[in-house]
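Colleague: Shown below is the structure under consideration.
Residue numbers (the UniProt record's numbering), protein chains in the order written: chain S, 1 to 232; chain U, 1 to 232; chain B, 1 to 232; chain P, 1 to 232.
Shown next as structure tokens:
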């Protein structure tokens, strides 16, 4: 059984390493989660049980992989930040991506609430991106948090309209091209003050090492990082 | 909330595509499964419940991703083969790796037997390799199946010795440098005919599209592929 | 002078290797050669002195790098083919690309005809592509030779029109959207039988190891490779 | 002549782009220049005519490619630095490497002194490395300049010994493991004050945009960059 005769096939492996001294961001992202939410009858526009499961999975991921210094999550996505001088899995891309997304998925399934029977196994994809400076990493985090805000304001207004009697198509048409101010006004007319919406929906969730608690704060401002004595 | 101001950070994404017209192999591999087996008191040298969970997860993975034409699994690993002309996720490496390993992990956890409570979330890593010809792909599969045989013969003999009263250290020393013939003889003296061991342990498991049944056969011989009218 | 203190910067080097057992094609391509031809008053549509310099540079390149098995050139470009089992510079992409294009450029300048004084240093760029099978490599070569034919027929007709009194703009407009048959007819009316044009212009130039002579033949047909007992 | 039938082969091209907002260093390096120097009977330990040709080629390279902000050369190598926000050739690696090394080689040959007939075409290889911060780029430049000093001190001493009557083997053995101080002492005993050696030999050559003059200065100190109002 000449196993060694076949081992030359290992030479075809080409695992890239990420550039040293750059911030590594790993973002896991739910695949087809619109359908997942419908199938499992999750609440609109936000389902706290699902967000809590995401957060719990992210917290466990932060705990397991000590090279992660910060995580930011919103909706069905979570970004994990690895510090520039880390040699996490020797910075091998395939190893990092696959291990993080596998563990995160595993934690998500294990922590899924018992009272919502899983209809099928959920899937996440994952990408790895390098950022050469803290400023650009910071812009990345702002980008994801701006995305959270924009989507949440839209979705909150959209579902308020639908609960108020509009069809989904009518709600879409009503909101098309509207500014934030108009959306806030629509909500206000329905006795919803957007500012009073839960912070977790408006800001998403930040996990900062070594605290591992869930923060729902602006990471738009540099003093967030100074407060936590990290990164800068 | 100028989201677009931050969107330049997307320019840092660099997802490689795999070379067209090459066989793509994606291998998921249990991380620290020696410890996982111990923690969950799995049977030695093979635990059929764990293998069945691996097989079930692989079968579901084959079913979900129609570009997979064949899968081969043994121990805590599974290789999925994608045909050369596939445009699975536009052949983007990060997307392919992350999605497959995430779904596989999800299926593994969901199908884990209820009577063995999970102590912690299992993790798999994943690598993607391209093979430019069927011959080399074939050698890859032979390599994994040879690995299955070699490890299984060793482990079967090792645990027979331990069950016979040797310490693990003594068993290791007894087997060090021994040939297959010697191992077969040791087993024979303990009334074990290795040839009669279950095929699933000796050969691993092959899943061929579109049948999706579990085969425990030699893929060393070219007519295996001819029988299934595939690949060649 | 602690040189070693700085040597960590070597860790940032990331030279990719090309996939083993694939055909490597390295194509050098003249940069801004339209301007180069004008500045040096080269003949239209083909300048034999320039083509000879290209061929001589390619021949020397084939001679220096023994891993090259075939070269094909036309106009201001040359493709060099390296066999799949070669370990040329350990298949490192940057090393292969830079060395080949540097040597080719060097040979081009050294062999440039003395009677056409160089006005400035010519430049070539270079790309490396892997082809997983002989069939695809063959299509690559056919692609470049088809490109040679199409451009040469166009240029021959174009300059015949210009020499016949049309402005370049008029000649372009006359040829826009015409078939090969029409172009042949235009040439025929000006007493030019395209079939009698020199083979080097119509077919380009092939160099096959170990002969190193210049062939101006079709490489569209598989028996070309059989004749030279190579590649297949 | 269905050219389009073959154009699918373009899909196999995989030109990587370098990470945005990182310093790009392109280093050209003479191949087998020990032999090149011997064949052309160049002077030991430094041949000013050859260094001048290197410098002239680098100066022309800086002039042609406006994205280059600084170049540093010594011995048979030259490093070109491209600023982080450059979109030089869309940051495509193959394009950048091949074009720069081709033009540099072309300039080297064109500027080679007429009174030293070229025996064969010289070749340079080239590598591209990204540095995520100015500090690391700075360490890269210090590394190359430290290399210049160490090699020049060694070579100056080595050839002083050889000119003093030792064989090359004896000179090597004499210098093995010696400190800088010892080498300075050996030179001093032969009436050579290393400090008085030409700066171009001891420091190499820096070219800073937009001045394009040749500087032979320390780039070890940050105020070098401040003086030239560049980079930082």
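Glycine included, C-beta positions come from ideal geometry on N, C-alpha and C.
Contact check, residue 74 of chain U vs residue 15 of chain U under 8 Å by CB: the rounded distance?
Modeller: Here residue 74 of chain U refers to the residue found at position 74 when the second chain is read from its first residue. Here residue 15 of chain U refers to the residue found at position 15 when the second chain is read from its first residue. Contact flag wrong, Cβ pair sits at about 30 Å.
Colleague: Tell whether a beta-carbon distance below 8 Å holds between residue 105 of chain S and residue 174 of chain U.
Modeller: If you number the first chain from 1, residue 105 of chain S lands on position 105. If you number the second chain from 1, residue 174 of chain U lands on position 174. Cβ atoms of residue 105 of chain S and residue 174 of chain U: not closer than 8 Å.
Colleague: Are the CB atoms of residue 110 of chain U and residue 126 of chain U within a distance shorter than 8 Å?
Modeller: Residue 126 of chain U sits at position 126 when you count from the first residue of the second chain. Residue 110 of chain U sits at position 110 when you count from the first residue of the second chain. Cβ distance not < 8 Å, so residue 126 of chain U and residue 110 of chain U don't count as in contact.
Colleague: List the residues of chain U that residue 7 of chain S touches, going by C-beta distances under 8 Å, in chain order.
Modeller: Against the first chain, residue 7 of chain S aligns to sequence position 7. Chain U residues near residue 7 of chain S: 143.
Colleague: Give the DSSP-derived three-state secondary structure of residue 211 of chain U in the structure shown.
Modeller: As a first step, residue 211 of chain U is located in the second chain; it is residue number 211 there, counting from the start. Coil, per DSSP.
Colleague: Note down, one range per segment and in chain order, each alpha helix (DSSP H) of at least 4 residues found wholly within the UniProt domain "tRNAHis guanylyltransferase catalytic" (6–132) of chain S.
Modeller: Listed in chain order, they are 33–39, 48–64 and 93–111.
Colleague: Determine which residues share a DSSP beta bridge with residue 206 of chain S and list them.
Modeller: For the purposes of this step, residue 206 of chain S is identified with residue 206 of the first chain, where counting begins at 1. DSSP lists S:72 and S:215 as partners of residue 206 of chain S.
Colleague: Report the rounded CA-to-CA distance for residue 221 of chain S versus residue 6 of chain P, giving the unit in angstroms.
Modeller: By one-based count along the first chain, residue 221 of chain S stands at place 221. By one-based count along the fourth chain, residue 6 of chain P stands at place 6. Rounded to the nearest angstrom, the two C-alpha atoms are 54 Å apart.
Colleague: How long is the line joining the alpha carbons of residue 134 of chain P and residue 18 of chain S, rounded to whole angstroms?
Modeller: Here the question's residue 134 of chain P lines up with position 134 in the fourth chain. Here the question's residue 18 of chain S lines up with position 18 in the first chain. Those two C-alpha atoms are separated by around 19 Å.
Colleague: In chain order, what residues of the stretch 143–174 of chain U put their CB closer than 7 Å to some CB of chain S?
Modeller: Flagged, chain order: 143, 146, 147, 149 and 150.
Colleague: So what does DSSP say about residue 197 of chain S, is it helix, strand or coil?
Modeller: Here the question's residue 197 of chain S lines up with position 197 in the first chain. Three-state result, residue 197 of chain S: coil.
Colleague: Tell me whether residue 190 of chain P is buried or exposed, calling it buried when 16 or more other Cβ atoms sit within 10 Å of its Cβ.
Modeller: The count along the fourth chain starts at 1 and reaches residue 190 of chain P at position 190. Exposed is the call here.
Colleague: Could you check if residue 72 of chain P is buried or exposed, using at least 16 other CB atoms within 10 Å of its CB as the buried criterion?
Modeller: Start at 1 with the first residue of the fourth chain, and residue 72 of chain P comes out as number 72. Buried, by the Cβ-count rule.
Colleague: Answer yes or no: do residue 97 of chain P and residue 97 of chain B have a C-beta to C-beta separation smaller than 8 Å?
Modeller: As a position in the fourth chain, residue 97 of chain P is number 97, starting the count at 1. As a position in the third chain, residue 97 of chain B is number 97, starting the count at 1. Cβ atoms of residue 97 of chain P and residue 97 of chain B: closer than 8 Å.
Colleague: Per DSSP, what kind of secondary structure is residue 166 of chain P in: helix, strand or coil?
Modeller: Counted from its first residue, the fourth chain places residue 166 of chain P at position 166. Three-state result, residue 166 of chain P: coil.
Colleague: Can you list the residues of chain U that residue 19 of chain B reaches, using a CB-CB cut of under 8 Å?
Modeller: Stepping through the third chain from its first residue, residue 19 of chain B is reached at position 19. Chain U residues near residue 19 of chain B: 19, 22, 130 and 132.
Colleague: Quick one: residues in its chain with C-beta nearer than 7 Å to the C-beta of residue 180 of chain B, no 5 flanking neighbours on either side, listed in chain order?
Modeller: Numbered from its first residue, the third chain carries residue 180 of chain B at position 180. Excluding positions up to five away in sequence, the list reads 153.
Colleague: Could you check the C-alpha separation between residue 205 of chain B and residue 128 of chain B for me, to the nearest Å?
Modeller: Indexing the third chain from 1 puts residue 205 of chain B at position 205. Indexing the third chain from 1 puts residue 128 of chain B at position 128. Using only the alpha carbons, I get a separation of about 20 Å.
Colleague: So, is the C-beta of residue 88 of chain S closer than 8 Å to a C-beta in chain B?
Modeller: Residue numbering aside, residue 88 of chain S sits at position 88 when the first chain is read from its first letter. So, not an interface residue.
Colleague: Within its chain, find whatever has a CB closer than 7 Å to the CB of residue 211 of chain B; leave out the 5 residues flanking it on each side and keep chain order.
Modeller: What you label residue 211 of chain B is simply residue 211 of the third chain in a count that begins at 1. If we look at residue 211 of chain B and ignore the five residues flanking it on each side, it has no Cβ neighbours.
Colleague: Keeping to the same chain, check which residues put their C-beta closer than 6 Å to that of residue 123 of chain U; ignore five residues upstream and five downstream.
Modeller: Here residue 123 of chain U refers to the residue found at position 123 when the second chain is read from its first residue. Here the set comprises 31.
Colleague: Is the Cβ of residue 136 of chain P closer than 8 Å to any Cβ of chain S?
Modeller: Within the fourth chain, the letter at position 136 stands for residue 136 of chain P. By this cut-off, residue 136 of chain P is an interface position.
Colleague: Going by C-alpha to C-alpha distance, which of P:85, P:29 and P:157 sits closest to residue 197 of chain P?
Modeller: Working through the fourth chain from its first residue, we reach residue 197 of chain P at position 197. Per the Cα distances, P:157.
Colleague: Beta-carbon of residue 117 of chain S versus every beta-carbon of chain U: anything under 8 Å?
Modeller: Within the first chain, residue 117 of chain S is the residue found at index 117, counting from 1. For residue 117 of chain S, the answer is no, since every Cβ of chain U falls outside 8 Å of its Cβ.
Colleague: Got a sec? Which residues, its chain only, sit under 8 Å from residue 232 of chain B by beta carbon, not counting five neighbours each side?
Modeller: As a first step, residue 232 of chain B must be located in the third chain, where it is residue number 232. For residue 232 of chain B, the predicted structure reports a pLDDT of 49, less than 50, and the residue's modelled location is therefore unreliable. A value from the coordinates is still provided. Taken in chain order, the residues that qualify are 134, 222, 225 and 226.
Colleague: I need the DSSP call for residue 3 of chain B, collapsed to helix, strand or coil.
Modeller: For this step, residue 3 of chain B is matched to residue 3 along the third chain. Residue 3 of chain B: helix per DSSP, three-state reduction.
Colleague: Please classify residue 136 of chain U: does DSSP put it in a helix, a strand, or coil?
Modeller: In the second chain, counting from the first residue as 1, residue 136 of chain U sits at position 136. Three-state result, residue 136 of chain U: helix.
Colleague: Please classify residue 27 of chain P as buried or exposed, where buried requires at least 16 neighbouring CB atoms within 10 angstroms.
Modeller: One-based indexing of the fourth chain puts residue 27 of chain P at position 27. Buried, by the Cβ-count rule.
Colleague: On a CA-only basis, which of S:121, S:136 and S:89 is nearest residue 40 of chain S? Give me that one, please.
Modeller: Locating residue 40 of chain S in the first chain gives position 40, where the first residue counts as 1. That would be S:121, whose Cα lies nearest to the Cα of residue 40 of chain S.
Colleague: Are any of the Cβ atoms in chain S nearer than 8 Å to that of residue 200 of chain U?
Modeller: Residue mapping note: residue 200 of chain U aligns to position 200 of the second chain, counting from 1. Taking Cβ atoms only, chain S never reaches closer than 8 Å to residue 200 of chain U, which makes this a no.
Colleague: Please identify the residue among S:228, S:208 and S:114 whose C-alpha is closest to the C-alpha of residue 62 of chain S.
Modeller: Walking along the first chain from the start, residue 62 of chain S turns up at place 62. Closest by alpha carbon: S:208.
Colleague: Can you tell me whether residue 232 of chain U is helix, strand or coil according to DSSP?
Modeller: Taking the first residue of the second chain as position 1, residue 232 of chain U is located at position 232. Note that residue 232 of chain U scores 49 on pLDDT, short of 50, meaning its location in the model is unreliable and no value can be drawn from it.
Colleague: If you measure between the beta carbons of residue 112 of chain S and residue 34 of chain S, is that distance less than 8 Å?
Modeller: Counting from 1 along the first chain, the entry for residue 112 of chain S is found at position 112. Counting from 1 along the first chain, the entry for residue 34 of chain S is found at position 34. No; because the gap between Cβ atoms is not below 8 Å, this pair is not in contact.
Colleague: Quick one: which chain U residues come within Cβ less than 7 Å of residue 11 of chain P?
Modeller: Your numbering for residue 11 of chain P matches position 11 in the fourth chain. Residues of chain U passing the Cβ test: 20.
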